[in-house]
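Numbering (full-length UniProt numbering), first residue to last: 1 to 240. Quick reminder that beta carbons are idealized off the backbone N, C-alpha and C, glycines included.
Below, the structure written as structure tokens:
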């Protein structure tokens with residue numbers, strides 16, 4: 001039995017090339033909303049991803065037994081937000097998710113660095129994970145709503161670079177600073193730097209904050225393309 005909604009074949013598939021990568025980069029650079037999603041994520045990970053110094057934080061707090069909990073607290077926070085994320089489908093201002101989520105991530109990390117009670121540290125790390133997930137929901141929704149199918153793989157490659165480079169550089173920053181100031185100052189100062197960086201990026205890229213899927217030109221164009229594709233699929237299915 002054939003599928004109910006067969007996917008039409010790609011008529012003009014392009015081979016991977018440096019030219020194609022450059023085209024994707026130019027497209028992202030020309031779209032302030034997309035550029036903002038990448039830049040905010042990179043800043044958040046660079047300034048406030050201190051996982052590498054959690055063992056030293058646990059030692060400073062005399063809570064070596066909580067090291068595993070510290071590593072998992074962020075994932076728990078992300079999971080809890082995901083389980084309650086149904087309301088996301090009823091909103092259109094996903095750029096605010098990116099900004100508020102990254103800001104919340106930074107503030108929660110700063111609070112985790114300030115806290116001297118291990119249980120408060122775990123709570124704040126969980127809140128940081130929730131903020132990261134909120135920002136991630138906003139980013140992925142904006143990408144799905146605005147990026148043309150022909151450029152989706154190229155721009156996904158840019159995100160992979162951001163996702164892989166940001167945390168690694170963030171851990172280098174945290175480790176180097178912890179060597180100078182200690183674990184806790186390295187964490188809370190990074191969290192505050194994250195908030196400041198997000199604020200500067202928001203001021204430099206205001207279209208990210210004002211993004212609305214109902215009025216954004218790329219989102220409306222993409223929605224029209226999806227509507228046309230769905231109609232074509234229905235016509236194909238009716239002929240089978």
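Rounded straight-line distance, which links the Cα of residue j to that of residue i
{"i": "residue 35", "j": "residue 44", "result": "14 Å"}
{"i": "residue 51", "j": "residue 171", "result": "7 Å"}
{"i": "residue 39", "j": "residue 167", "result": "13 Å"}
{"i": "residue 184", "j": "residue 157", "result": "34 Å"}
{"i": "residue 219", "j": "residue 60", "result": "49 Å"}
{"i": "residue 77", "j": "residue 105", "result": "11 Å"}
{"i": "residue 85", "j": "residue 164", "result": "25 Å"}
{"i": "residue 142", "j": "residue 49", "result": "24 Å"}
{"i": "residue 103", "j": "residue 92", "result": "19 Å"}
{"i": "residue 90", "j": "residue 83", "result": "15 Å"}
{"i": "residue 8", "j": "residue 145", "result": "Only weak support exists for where residue 8 lies, its pLDDT of 48 falling under 50; the coordinates are left without a value."}
{"i": "residue 64", "j": "residue 57", "result": "9 Å"}
{"i": "residue 134", "j": "residue 22", "result": "30 Å"}
Contact under 8 Å by Cβ, residue i with residue j
{"i": "residue 68", "j": "residue 210", "result": "no"}
{"i": "residue 97", "j": "residue 138", "result": "yes"}
{"i": "residue 199", "j": "residue 109", "result": "no"}
{"i": "residue 53", "j": "residue 178", "result": "yes"}
{"i": "residue 81", "j": "residue 162", "result": "no"}
{"i": "residue 28", "j": "residue 155", "result": "yes"}
{"i": "residue 202", "j": "residue 208", "result": "yes"}
{"i": "residue 114", "j": "residue 188", "result": "yes"}
{"i": "residue 66", "j": "residue 118", "result": "yes"}
Rounded Cβ spacing between residue i and residue j (contact assumed at less than 8 Å)
{"i": "residue 186", "j": "residue 174", "result": "5 Å"}
{"i": "residue 73", "j": "residue 136", "result": "Actually they are not in contact, since the Cβ atoms of residue 73 and residue 136 sit about 17 Å apart, beyond 8 Å."}
{"i": "residue 153", "j": "residue 132", "result": "Actually they do not touch by this definition, with Cβ atoms about 24 Å apart."}
{"i": "residue 47", "j": "residue 197", "result": "6 Å"}
{"i": "residue 107", "j": "residue 195", "result": "6 Å"}
Proximity test, Cβ basis, 8 Å: residue i and chain C
{"i": "residue 214", "result": "As a matter of chain content, chain C is missing from the structure shown, which is built from one protein chain."}
The ligand GTP heavy atom lying under 7 Å from the CB of residue i
{"i": "residue 216", "result": "In terms of ligand content, the structure shown is empty, and the ligand GTP therefore cannot be addressed."}
| field | Runs of alpha helix (DSSP H) lying entirely within the segment 92-130, each at least 4 residues, in chain order | value | Taking 4 residues as the minimum length, the alpha helix (DSSP H) runs contained wholly in the segment 92-130 are 94-114, in order along the chain.
| request: Note down, one range per segment and in chain order, each alpha helix (DSSP H) of at least 4 residues found wholly within the segment 178-212. | output: Segments of the alpha helix (DSSP H) lying fully in the segment 178-212: 183-204 and 206-210.
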